[in-house]
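Residue numbers (the numbering used here), protein chains in the order written: chain A, 929 to 1041; chain B, 5 to 118.
Idealized CB from N, CA, C, for every residue including glycine.
For reference, the structure is listed below as structure tokens.
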């Protein structure tokens, strides 16, 4: 079963229309939640790391927050250049591989001028 | 500083042929990851190395897939023989330490197996 679920799958916004993307996870012993941005034909680009509930990180128009079961990526007054697919990934605390990031399938954001 | 460099960017081959994908990580990074991305399954980790040593290859689909890292600046992912279901974008990423969540991805190698 999916351990990382992102919603919505796709989101269309008008320029300046703020919104939020959701990443929910069903893992225990979270050892970090990570947000990435992916442009078409490119590899994912790292945005944020969150480690504990209540933590927040900001970068320009983006703010990431974390609770015990989900993370939100808030986009304030988006611009067309914010259009991309946003991926979240989690690392679990378990006895197996420590290097494995489990990625969600992403939210494709389109911002129209 | 150059990012992660992958080659080839695009590869079209026929079923049964051998495919070799190449990756040069960022200098100074000691962990290297191979991911595969498809629409259906998203990004999946295939294998990762720490200090050139394979740590976890549980994501490698089957014996047709193999990966090597002969030195700190080069890694290969080989598929032999290739099958149509292997068609995907293969990404290489590097980072500082195997526990890092901050990975630097290459631009990917798009593989099409006919």
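Check	Outcome
Same chain, Cβ closer than 8 Å to residue 973(A), five either side skipped, listed in chain order	964, 965, 966 and 967
Contacting positions in the stretch 985-1005 of chain A - beta carbon closer than 9 Å to chain B	none
Residue 107(B) at chain A interface by Cβ criterion, 8 Å	yes
Reference residue 955(A), options 1017(A), 1036(A) and 1038(A), closest by Cα	1017(A)
When 113(B), 18(B) and 98(B) are compared against residue 107(B), the one with the closest alpha-carbon	98(B)
Short CB-CB distance (under 8 Å) between residue 111(B) and chain A	yes
Contact residues within the stretch 63-95 of chain B, judged by C-beta distance below 8 Å to chain A	63 and 95
Chain-ordered neighbours of residue 1036(A) on chain B, where CB pairs are closer than 9 Å	Within chain B, no residue comes near residue 1036(A); the closest Cβ sits about 11 Å away, beyond 9 Å.
Sheet register partners of residue 994(A) (DSSP bridge)	999(A)
Beta bridge counterpart(s) of residue 104(B) as assigned by DSSP	In DSSP, residue 104(B) forms no bridge with anything.
Residue from 935(A), 941(A), 1015(A) and 932(A) whose Cα sits closest to the Cα of residue 1039(A)	941(A)
Reference residue 932(A), options 1029(A), 946(A), 947(A) and 1006(A), closest by Cα	1029(A)
Residue burial classification, residue 979(A) (beta-carbon count within 10 angstroms, cutoff 16)	exposed
Residue closest to residue 58(B), alpha-carbon to alpha-carbon, out of 72(B), 66(B) and 48(B)	72(B)
Helix, strand or coil at residue 74(B) [DSSP, three-state]	strand
Exposure of residue 6(B), with buried meaning 16 or more beta-carbon neighbours within 10 Å	exposed
Interface flag, residue 20(B) vs chain A, CB-CB below 8 Å	no
Residue 933(A) at chain B interface by Cβ criterion, 8 Å	no
Cβ shell of residue 23(B) (< 8 Å), same chain only, five flanking positions each side left out	15, 17, 82, 83, 84, 86, 90, 115 and 117
Inter-residue Cα distance where the pair is residue 1003(A) and residue 948(A)	6 Å
Beta-carbon separation (whole angstroms), residue 93(B) vs residue 70(B), contact threshold 8 Å	19 Å between Cβ atoms; not a contact.
Cβ separation of residue 1008(A) and residue 1041(A), assumed to be a contact under 8 Å, to the nearest whole Å	5 Å
Three-way DSSP call (helix, strand, coil) for residue 986(A) in this model	strand
Contact under 8 Å by Cβ, residue 44(B) with residue 88(B)	no
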